[in-house]
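**Student:** The structure's right below; bear with me while I get my questions together.
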Amino acid sequence: MAIELKMPALSPTMEEGTLAKWLVKEGDTIRSGDILAEIETDKATMEFEAVDEGTLSKILVAEGTDGVKVGTVIATIAGEGADASAEPAAAQAPKAEAPAQEQKAAESDAGEDGGPKKADSGTKQLASDKAASVADPEVPAGTEMVKVTVREALRDAMAEEMRADGRVFVMGEEVAEYQGAYKVTQGLLDEFGAKRVIDTPITEYGFAGVGTGAAMGGLRPIIEFMTFNFAMQAIDHIINSAAKTNYMSGGQMRCPIVFRGPNGAASRVGAQHSQNYGPWYASVPGLIVIAPYDAADAKGLLKAAIRSEDPVVFLENELMYGRTFEVPKLDDWVLPIGKARIVREGKDVTIVSYSIGVGVALEAAETLAGEGVEAEVIDLRTLRPLDKETVLESLKKTNRMVVVEEGWPACSIASEIVTIAMEEGFDDLDAPVVRVTNEDVPLPYAANLEKLALITADKVVAAVKKVTYR
Amino acid sequence: MAKSPAKSLSVEPPVTNRERPNEPKRFEASKEQLLEFYRQMLLIRRFEEKAGQLYGLGFIGGFCHLYIGQEAVAVGLQSALDGEKDSVITGYRDHGHMLAYGIDPKEIMAELTGRAAGISRGKGGSMHMFSTEKKFYGGHGIVGAQVSLGTGLAFAHKYNEDGGVAMAYFGDGAANQGQVYESFNMAELWKLPIIYVIENNQYAMGTSVNRSSAEDQLYKRGESFRIPGIQVDGMDVLACRGAAEEALAWVRAGKGPIILEMKTYRYRGHSMSDPAKYRSRDEVQAMRDNSDPIEGVKKELEKLGVTEDQLKPIEQEIRRAVNESADFAEQTPEPDPAELYTDVLVGTY
Chain A
1 MAIELKMPAL
11 SPTMEEGTLA
21 KWLVKEGDTI
31 RSGDILAEIE
41 TDKATMEFEA
51 VDEGTLSKIL
61 VAEGTDGVKV
71 GTVIATIAGE
81 GADASAEPAA
91 AQAPKAEAPA
101 QEQKAAESDA
111 GEDGGPKKAD
121 SGTKQLASDK
131 AASVADPEVP
141 AGTEMVKVTV
151 REALRDAMAE
161 EMRADGRVFV
171 MGEEVAEYQG
181 AYKVTQGLLD
191 EFGAKRVIDT
201 PITEYGFAGV
211 GTGAAMGGLR
221 PIIEFMTFNF
231 AMQAIDHIIN
241 SAAKTNYMSG
251 GQMRCPIVFR
261 GPNGAASRVG
271 AQHSQNYGPW
281 YASVPGLIVI
291 APYDAADAKG
301 LLKAAIRSED
311 PVVFLENELM
321 YGRTFEVPKL
331 DDWVLPIGKA
341 RIVREGKDVT
351 IVSYSIGVGV
361 ALEAAETLAG
371 EGVEAEVIDL
381 RTLRPLDKET
391 VLESLKKTNR
401 MVVVEEGWPA
411 CSIASEIVTI
421 AMEEGFDDLD
431 APVVRVTNED
441 VPLPYAANLE
451 KLALITADKV
461 VAAVKKVTYR
Chain B
1 MAKSPAKSLS
11 VEPPVTNRER
21 PNEPKRFEAS
31 KEQLLEFYRQ
41 MLLIRRFEEK
51 AGQLYGLGFI
61 GGFCHLYIGQ
71 EAVAVGLQSA
81 LDGEKDSVIT
91 GYRDHGHMLA
101 YGIDPKEIMA
111 ELTGRAAGIS
121 RGKGGSMHMF
131 STEKKFYGGH
141 GIVGAQVSLG
151 TGLAFAHKYN
161 EDGGVAMAYF
171 GDGAANQGQV
181 YESFNMAELW
191 KLPIIYVIEN
201 NQYAMGTSVN
211 RSSAEDQLYK
221 RGESFRIPGI
231 QVDGMDVLAC
241 RGAAEEALAW
251 VRAGKGPIIL
261 EMKTYRYRGH
271 SMSDPAKYRS
281 RDEVQAMRDN
291 SDPIEGVKKE
301 LEKLGVTEDQ
311 LKPIEQEIRR
321 AVNESADFAE
331 QTPEPDPAEL
341 YTDVLVGTY
């Protein structure tokens with residue numbers, strides 16, 4: 001019986017990909033470990049390796065095909081020296097599946113035993129690409145908008161600033177020849193060369209210090225952390241060296257540097273690779289902390305960050321990299337740092353959020369609208385300095401507030417917003433402010449537990465009902 | 001009496017056939033140069049003694065790490081640098097390096113007393129002083145941080161192709177920090193123009209080198225990164241200057257980083273609050289008697305016919321300048337309360 005080769009998932013979030021190249025042809029003898037094909041997504045390229053042996057009998061998806069869904073049968077192998085009747089049914093023998101990833105996919109396709117669904121993750125409930133329903137007042141009327149992913153927007157921001165200022169360079173792990181661990185720096189090496197796009201050894205503390213020193217010496221470094229989890233090794237330089245020196249030197253020594261990279265929960269990577277450091281950095285005077293949601297903000301704020309005379313922690317989100325949004329087509333799209341944005345207008349309740357939480361809030365607002373509750377959604381965009389004014393103005397209008405944060409509850413940005421509402425907006429409150437945050441646990445690996453730990457639009461809806469007494 | 005076997009004084013031969021810097025020669029200073037070394041070292045000594053006194057009187061707070069005993073290192077090395085293009089960075093024991101750079105003692109002392117006229121406007125204190133004008137980049141309180149930061153300064157020199165060299169000072173204690181080796185790796189990988197100066201004063205606070213370092217010959221610490229190292233008598237200003245010349249020749253030739261291990265000694269405790277019970281009084285006295293860097297220069301000057309009397313005016317001038325800095329630092333006002341909120345960020349957002 002023929003063995004089916006199915007389109008593998010390269011990551012838990014991958015749903016489809018490009019079958020870039022077949023490295024074998026029909027009739028070839030396949031040995032375990034042979035490289036059969038190259039599979040690509042916008043994030044990564046991977047070789048597809050044989051597990052089973054036999055003869056490649058049929059190629060079902062031609063090379064160069066885009067949008068091949070995970071689990072699609074792309075080829076068949078005739079089992080070694082046997083015809084169909086001699087083989088047990090493939091479905092009963094998981095070993096007869098092709099690559100390891102595919103086995104997982106097949107199991108979950110079949111799975112009615114209550115086990116996890118195919119490549120399931122709690123982050124699916126986060127990865128919204130809901131767009132703002134209110135135009136950004138910073139965009140001049142009549143501006144043409146183009147569809148761009150968050151990933152491309154970040155890259156474009158860096159490229160534009162590097163073209164404009166020779167002091168700007170990018171440094172980090174795999175930023176140059178590999179084109180970025182998450183392909184955010186794709187193409188920069190080609191355009192700017194190895195002098196300005198620099199691969200470092202795996203040495204976060206060291207290169208964060210080198211970058212900070214280079215900024216003190218007059219350059220404008222962009223330091224990429226593969227994720228902000230690894231920046232824990234470097235946090236001493238971010239805080240003790242970069243953030244404090246201007247103050248300690250009485251304004252003599254500046255440190256114009258950007259530390260950037262993905263922050264927050266990623267999909268099924270467990271506790272050490274899933275954490276929101278927004279509240280950590282936002283607690284430090286001397287730092288600017290930015291956490292954009294959509295592509296336009298990612299671009300406009302990263303450009304502003306690179307131009308800033310102050311050290312900036314720029315928190316991206318891996319789950320958002322592939323999402324597409326409209327970005328204004330302008331020669332120089334730069335946003336002001338420290339300004340929140342109303343991304344949806346409403347009169348009944350204010351939902352405050354930032355980064356990936358904004359999508360969750362927008363989704364909840366849509367549901368609520370169906371039930372007759374008009375929620376105003378605020379994207380903080382900058383966590384330090386925090387735009388209190390926009391938050392308090394909105395509270396004045398709605399008198400009710402929910403804060404949504406993909407992160408832990410204790411000592412969070414949500415705690416800070418609640419405090420601001422208490423201290424400066426108390427008379428405007430008709431109900432206590434409610435927080436919707438991740439559960440107060442390290443992020444678990446198991447799909448079901450991960451789902452339970454993360455925020456959802458449903459939780460936001462429930463919180464809004466609570467503060468509106470519905 | 002039987003002859004004892006001849007003992008080689010020279011450093012062990014290198015283990016590889018890689019190119020090595022030449023063994024440095026003791027610098028041949030002119031009388032004027034020697035007098036200038038003497039003046040600078042004595043200024044540091046008297047300044048630090050005064051700082052210690054003011055600390056005792058409560059004018060200086062917090063941590064205060066004195067440089068007494070180590071004067072030859074900063075003076076000898078920095079005298080070789082090009083003030084126009086080279087940069088210097090160090091840790092918290094930074095008063096001496098600033099004085100060696102010709103920074104006004106009044107500004108330094110006023111920083112120690114936390115006054116608005118201090119070089120950091122009173123907001124940095126003893127450990128956090130900077131002069132971007134002189135390319136002196138601090139003054140850093142986290143042990144070892146200046147090594148990565150200094151490597152970044154060297155990166156900027158190379159990036160800007162300005163011909164400058166960074167000199168990063170750190171102690172035998174900092175030499176055990178991980179980021180030092182992360183920096184060594186990158187500096188050699190990218191051939192950055194940096195001189196790593198390990199001021200080995202033999203005690204990391206209260207822990208002697210032998211109790212903290214598996215390899216106590218610290219000049220060898222760059223070997224696995226292919227960074228050559230030279231051990232230098234850090235109590236001899238001419239040896240220090242000679243080593244700096246050799247190191248600069250190496251780095252300016254584009255051969256990448258180099259390590260200088262300066263064997264030196266601090267007479268005082270780690271900081272003003274350290275009674276230094278971990279070593280004997282005899283040990284300190286022996287150093288003072290036999291290896292004092294200022295006495296050493298005096299002897300050199302004597303050889304050139306400079307008499308004690310001829311040095312008197314220099315000493316008097318230094319006493320006057322130090323006393324003046326102390327008076328100034330005691331009397332000049334504290335920062336305006338509004339300064340609390342300035343310099344947190346450069347931009348307005």
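Line order of the protein sequences matches chains A and B. Mapping the first sequence onto my numbering, position 14 (from 1) lands on 14, and the numbers just tick up by one. Mapping the second sequence onto my numbering, position 326 (from 1) lands on 326, and the numbers just tick up by one. For glycine and all other residues, C-beta sits at the position ideal for the given N, C-alpha and C. All of these numbers come straight from a predicted model, not from anything done at the bench.
1) What's the gap between the Cα of S79(B) and the Cα of G138(B)?
2) So what does DSSP say about A90(A), is it helix, strand or coil?
3) Given a limit of 9 Å on CB to CB distance, which residues of the stretch 198-228 of chain A reach chain B?
4) What residues in its chain sit with their C-beta under 6 Å from that of E439(A), if we drop five residues either side in the sequence?
5) Let me confirm a value: M109(B) is counted as buried when at least 16 other C-beta atoms fall within 10 Å, else exposed. Which label applies?
6) By the criterion of Cβ-Cβ separation under 9 Å, what are the contact partners of R155(A) in chain B?
7) Return the CA-CA distance between G52(B) and P105(B), expressed in angstroms with no decimal places.
8) Checking 8 Å against the spacing of the C-beta atoms, do P311(A) and A243(A) come in under that value?
9) Secondary structure at F228(A), three-state DSSP: helix, strand or coil?
10) Decide yes or no for the touch test of the stretch 420-438 of chain A against the stretch 285-297 of chain A: beta carbon pairs closer than 8 Å, at least 3 of them.
11) Could you compute how far the alpha carbon of I227(B) sits from the alpha carbon of L149(B)?
12) Just curious, the beta strand (DSSP E) that T456(A) is in, first and last residue?
13) For a cutoff of 8 Å on Cβ pairs, would you count R254(A) as touching chain B?
14) Can you find a CB in chain B that lies within less than 8 Å of the CB of I232(A)?
15) Jot down the residue ranges of each uninterrupted alpha helix (DSSP H) in the stretch 271-339 of chain A, minimum 4 residues, whole runs only, in chain order.
16) List, in chain order, every chain A residue whose beta-carbon is nearer than 9 Å to that of G186(B).
17) Against chain A, does G69(B) count as a neighbour if the rule is that its beta carbon must be under 8 Å from one of theirs?
18) Please report how far the alpha carbon of E362(B) lies from the alpha carbon of I318(B), in whole angstroms.
19) Mapping DSSP to helix, strand and coil, what is F155(B)?
20) Can you tell me which residues form a DSSP beta bridge with Y205(A)?
21) Comparing alpha-carbon positions, which option in L192(B), R26(B), E188(B) lies nearest F155(B)?
22) Can you list, in chain order, the residues of the stretch 178-192 of chain A whose Cβ is nearer than 7 Å to any Cβ on chain B?
23) I need the DSSP call for K21(A), collapsed to helix, strand or coil.
24) Chain B beta carbons: is any one of them nearer than 8 Å to that of M248(A)?
25) Is it the case that the Cβ atoms of T149(A) and Y321(A) are separated by a distance below 8 Å?
26) Tell me D379(A)'s beta-bridge partners as DSSP assigns them.
27) Identify every residue that forms a DSSP beta bridge with R220(A).
28) Using 7 Å as the cut-off, classify the Cβ of D440(A) as near or not near the heavy atoms of the ligand GDP, replying yes or no.
29) So F130(B) is in the alpha helix (DSSP H); what residue range does that whole segment cover?
30) Just the chain B side, please: which residues come within less than 7 Å of S308(A) by C-beta, in chain order?
31) Suppose contacts are defined by Cβ-Cβ distances below 8 Å. Is L42(B) in contact with I89(B) by that definition?
32) Note down, in chain order, all residues in the stretch 205-230 of chain B with a beta-carbon under 9 Å from any beta-carbon belonging to chain A.
33) Just to confirm the assignment: which complete beta strand (DSSP E) runs, minimum length 3, are found wholly within the stretch 374-443 of chain A?
34) What does DSSP give as the partner residue(s) for N200(B) in the beta ladder?
35) Pop quiz: G144(B) and G61(B) are said to be a contact at Cβ under 8 Å. What is the actual Cβ separation, rounded to whole angstroms?
36) Can you name the residues that DSSP bridges to T76(A)?
**Tutor:** Here's the rundown:
1) For this step, residue 79(B) is matched to residue 79 along the second sequence. For this step, residue 138(B) is matched to residue 138 along the second sequence. Their backbone Cα atoms lie some 18 Å apart in a straight line.
2) The sequence position of residue 90(A) within the first sequence is 90, counting from 1. In this predicted model, A90(A) has a pLDDT of only 42, less than 50, meaning its place in the structure is not dependable; the value taken from the coordinates is given anyway. In the three-state scheme derived from DSSP, where H, G and I count as helix and E and B as strand, A90(A) is classed as helix.
3) I198, T200, P201, T203, E204, Y205, G206, F207, A208, G209, V210, G211, T212, G213, A214, A215, M216, G217, G218, L219, P221
4) Against the first sequence, residue 439(A) aligns to sequence position 439. Cβ within range, chain order: A453.
5) As a working note, residue 109(B) is residue 109 in the second sequence. Buried is the call here.
6) The residue you call residue 155(A) lines up with position 155 of the first sequence. In chain order: nothing, as chain B lies at least about 22 Å away.
7) In the second sequence, the residue the question calls residue 52(B) occupies position 52. In the second sequence, the residue the question calls residue 105(B) occupies position 105. Cα to Cα, G52(B) sits roughly 15 Å from P105(B).
8) Position 311 of the first sequence, counted from the first residue, corresponds to residue 311(A). Position 243 of the first sequence, counted from the first residue, corresponds to residue 243(A). It is a contact, given that the beta carbons lie within the stated cut-off.
9) Here residue 228(A) refers to the residue found at position 228 when the first sequence is read from its first residue. Three-state result, F228(A): coil.
10) no
11) Position 227 of the second sequence, counting from 1, holds the residue named residue 227(B). Position 149 of the second sequence, counting from 1, holds the residue named residue 149(B). Distance between the alpha carbons of I227(B) and L149(B): 18 Å.
12) Within the first sequence, numbered from 1, the residue matching residue 456(A) stands at position 456. That residue, T456(A), is in no beta strand (DSSP E); it is neither H nor E in DSSP.
13) Mapped onto the first sequence, residue 254(A) falls at position 254. Closer than 8 Å: yes.
14) For the purposes of this step, residue 232(A) is identified with residue 232 of the first sequence, where counting begins at 1. Residue 232(A) is actually Met in this sequence, not Ile. Judged by the 8 Å Cβ criterion, M232(A) is not in contact with chain B.
15) 278-282, 295-307
16) For the purposes of this step, residue 186(B) is identified with residue 186 of the second sequence, where counting begins at 1. A quick correction: the sequence has Met, not Gly, at residue 186(B). Those within 9 Å of M186(B) in chain A are T200, P201, T203, G206, F207, V210.
17) By 1-based counting over the second sequence, the position of residue 69(B) is 69. Output row for G69(B): interface = no.
18) Lying before the first or after the last residue shown, residue 362(B) is absent from chain B, which here runs from 1 to 349.
19) Position 155 of the second sequence, counting from 1, holds the residue named residue 155(B). F155(B): helix per DSSP, three-state reduction.
20) Here residue 205(A) is taken as the residue at index 205 of the first sequence, counted from 1. Answer is none; Y205(A) lacks a bridge partner.
21) In the second sequence, the residue the question calls residue 155(B) occupies position 155. It is L192(B).
22) For the stretch 178-192 of chain A, no residue has a beta-carbon sitting nearer than 7 Å to a beta-carbon of chain B.
23) Sequence index remark: in the first sequence, residue 21(A) carries index 21 (1-based). K21(A): strand per DSSP, three-state reduction.
24) As a first step, residue 248(A) is located in the first sequence; it is residue number 248 there, counting from the start. Yes, its Cβ sits closer than 8 Å to a Cβ of chain B.
25) Taking the first residue of the first sequence as 1, we reach residue 149(A) at position 149. Taking the first residue of the first sequence as 1, we reach residue 321(A) at position 321. Contact check for T149(A) against Y321(A) passes: the beta carbons are separated by less than 8 Å.
26) As a first step, residue 379(A) is located in the first sequence; it is residue number 379 there, counting from the start. In the DSSP output, where bridge partners are listed per residue, D379(A) has R341(A), S353(A).
27) Within the first sequence, numbered from 1, the residue matching residue 220(A) stands at position 220. Answer by DSSP bridge pairing, in chain order: V168(A).
28) Absence of the ligand GDP is noted for the structure shown, with no ligands found whatsoever.
29) Taking the first residue of the second sequence as 1, we reach residue 130(B) at position 130. Premise fails: F130(B) is in no alpha helix (DSSP H) and is neither H nor E.
30) Taking the first residue of the first sequence as 1, we reach residue 308(A) at position 308. The contacting residues are G347.
31) Residue mapping note: residue 42(B) aligns to position 42 of the second sequence, counting from 1. Residue mapping note: residue 89(B) aligns to position 89 of the second sequence, counting from 1. Taking 8 Å as the Cβ cut-off, L42(B) and I89(B) do not qualify as a contacting pair.
32) none
33) 375-379, 382-384, 401-405, 434-437
34) Counting from 1 along the second sequence, the entry for residue 200(B) is found at position 200. Answer by DSSP bridge pairing, in chain order: K263(B).
35) Translated into the one-based positions of the second sequence, residue 144(B) becomes position 144. Translated into the one-based positions of the second sequence, residue 61(B) becomes position 61. The pair is not a contact, with the Cβ atoms about 24 Å apart (cut-off 8 Å).
36) By one-based count along the first sequence, residue 76(A) stands at place 76. DSSP output for T76(A) lists E4(A), K58(A) as bridge partner(s).
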